[in-house]
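K.L.:
I'd like to ask you about the structure that follows.
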Amino acid sequence: MRIELQNAGGLAPGPVWIEGDAIALGGSRQAENRIDLSGLALLPGIIDAHGDGFERHLAPRRGAVSDLGAGLRASEVELASNGITTAFLAQFWSWEGGMRGPDFARDLAAALANYDSALDLRLQLRVELCLHREFDAIADQVTTHAIPAVIFNDHLPHKALAEGRRVPRLEGQALKAGRAPQAHQALLEELYRDLPQARAALPAFAARLAAAGVILGSHDDPDAEARDRAREIGLGLAEFPLTLETARAACAAGDPVVLGAPNVLRGSSHKRGGMAAREAVEAGLVRALASDYHYPAPRLAAAKLVREGWSLRRAWALVSAGPAEVFGLSDRGQIAEGGRADLVVTSADLTQVHGTFAGGRLVYADAILSARMLA
């Protein structure tokens, strides 16, 4: 079926046709359906580089995980209604247990492999560095399910463990992990003692994943030295660096920087001591803004930047063309001839999503776009 999208503002270069799953531009064509988008904006679909908002759909309450397929469907509805057409689901492989533990990561990878996605849903594994004894199991999952990205972080409570103290929020963490508090404290102490071995094992593991074409990165780098160490072993993506100096060091070395769009909306980080992402954005250090924990955030952050004087093309690139470049997705992120037909229709001020096309299929339409389609 051929659909013509007419009279759109935004980044549309003129009439845009959807032919199958691809975009066509220029010339004249016979279209079975024509949609007048006067007064609305037509934009490339959002590519979400990192988001864990799906967790609340998979388990609305702690432990209430019964049907991962139903949870993925609910997640897709929220993603599509916010103009996100490609989403990297940031799934932990962590000592935290529960939905962030290895067993749940395996279950989600299997569920996603058997799920008929309307959108392009991809898994990003967030691996705790200290779990080096599980590197083989992680590699097996990456190979089995063609997981495209692995990001390493270290969320051990270093200060408390170094001082031999009880870790913060012990009871809550233990409950989440399904362990007795004493057992949880003992596990963290063991993992902390084992960190030198974990750091020694990481370069070979990173090389193993890189040889398989996996995109690698580090999360929450605290300073430029940590980013330099990550880069030296092949963790090229700088995800959520904690300081402006760290982001500058990453950018100067050619490492793409991904920050959270909610941080731009809030004006500050929710992490103690974290930088305000807007500073890095204004300095031109950021390649992509991700949803992090709030799927409306990429679009709303772009809208905020436009209201404050940015061009639409420059602001939207942070949520579409930029992340496409980061992940090597050359077929999307812009409205171009032959590109994948991932498109979003928004209000002129970007505050509302009226419709979303993914791979040429209409996956979301609100009352405004539906009325125009029926007119």
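At position 264 of the sequence shown (counting the first as 1) the number is 960 in my numbering, and the numbers step up by one without a gap.
Here a beta-carbon is modelled for each residue, glycine too, at the ideal position from N, C-alpha and C.
#1: Alpha helix (DSSP H) containing His880: first to last residue?
#2: Can you check whether the C-beta of Val977 is within less than 9 Å of a C-beta belonging to chain B?
#3: For Thr942, count the other beta carbons within 10 Å of its own beta carbon; 16 or more makes it buried, fewer makes it exposed. Which is it?
#4: Roughly how many angstroms lie between the CA atoms of Ala998 and Gly710, to the nearest whole one?
#5: Is the beta carbon of Leu768 closer than 9 Å to that of Ala807?
#6: Could you check what DSSP says for Trp1006 in three-state terms: helix, strand or coil?
#7: Measure the beta-carbon distance from His854 to Gln869 and round it to whole angstroms, keeping in mind my assumption that it falls under 8 Å.
#8: CA-CA distance, Arg829 and Arg822?
#9: Let me make sure I understand the geometry here. Which of Asp832, Glu774, Ala949, Asp850 has the alpha-carbon closest to that of Glu824?
#10: Let me know the secondary structure DSSP gives Val1015 once reduced to three states.
#11: For Leu733, I'd like the list of residues in its chain whose CB is within less than 7 Å of its CB, leaving aside the five on either flank, ordered along the chain.
#12: Among Phe901, Ile911, Arg861, Ala876, which residue has its Cα nearest to the Cα of Arg818?
#13: Can you tell me the Cα-Cα spacing of Ala1044 and Gly706, whole angstroms?
#14: Which same chain residues end up closer than 7 Å to Glu885 when comparing Cβ atoms and leaving out the 5 residues on each side of it in sequence?
#15: Rounded to a whole number of angstroms, what is the C-alpha to C-alpha distance between Leu785 and Phe1053?
#16: Return yes when the Cβ of Ser987 is within less than 9 Å of the Cβ of Pro958, no when it is not.
#17: Comparing alpha-carbon positions, which option in Leu736, His746, Leu721 lies nearest Pro994?
#18: Under three-state DSSP, which class holds Ser813?
#19: Out of Arg1003, Ala718, Val982, point me to the one whose CA is closest to Ser1016's CA.
#20: Using CA atoms only, rank isn't needed, just tell me which of Gly963, Ile847, Ser777, Gly1055 is closest to Gly930.
#21: Are Leu1014 and Val977 closer than 9 Å when you measure CB to CB?
#22: How far does the alpha helix (DSSP H) with Leu1065 in it reach, from first residue to last?
#23: Considering just the uninterrupted stretch of the beta strand (DSSP E) at Gly765, what are its terminal residues?
#24: Which of the three DSSP states, helix, strand or coil, is assigned to Val910?
#25: Note down the Cα distance separating Leu804 from Gln726, rounded to an integer number of angstroms.
#26: Within its chain, find whatever has a CB closer than 7 Å to the CB of Leu1065; leave out the 5 residues flanking it on each side and keep chain order.
#27: Roughly how many angstroms separate the alpha carbons of Leu923 and Arg895, rounded to a whole number?
#28: Please classify Asp812 as buried or exposed, where buried requires at least 16 neighbouring CB atoms within 10 angstroms.
#29: Taking a contact to mean a Cβ-Cβ separation below 9 Å, would you say Gly874 touches Gly793 in this structure?
#30: If you drop the 5 nearest sequence neighbours on each side, which residues of the same chain put their C-beta closer than 7 Å to that of Arg796?
#31: In terms of residues, what are the limits of the beta strand (DSSP E) holding Ala1054?
P.N.:
If we stick to the structure as given:
#1: 877–889
#2: Protein chain content of the structure displayed is limited to a single chain, and chain B is not contained in it.
#3: buried
#4: 22 Å
#5: yes
#6: coil
#7: Rounded, the Cβ-Cβ distance is 15 Å, inconsistent with contact.
#8: 15 Å
#9: Asp850
#10: coil
#11: Leu701, Gln702, Asn703, Ala704, Val1041
#12: Ile911
#13: 7 Å
#14: Leu857
#15: 20 Å
#16: yes
#17: His746
#18: coil
#19: Val982
#20: Ile847
#21: yes
#22: 1063–1070
#23: Unbroken run through Gly765 is the alpha helix (DSSP H), 764–777; no beta strand (DSSP E).
#24: coil
#25: 43 Å
#26: Val1041, His1050, Gly1051
#27: Note on identity: in this sequence residue 923 is Arg, with Leu being the wrong assignment. Whole-angstrom Cα-Cα distance: 14 Å.
#28: exposed
#29: yes
#30: Phe788, Ser790
#31: 1049–1054
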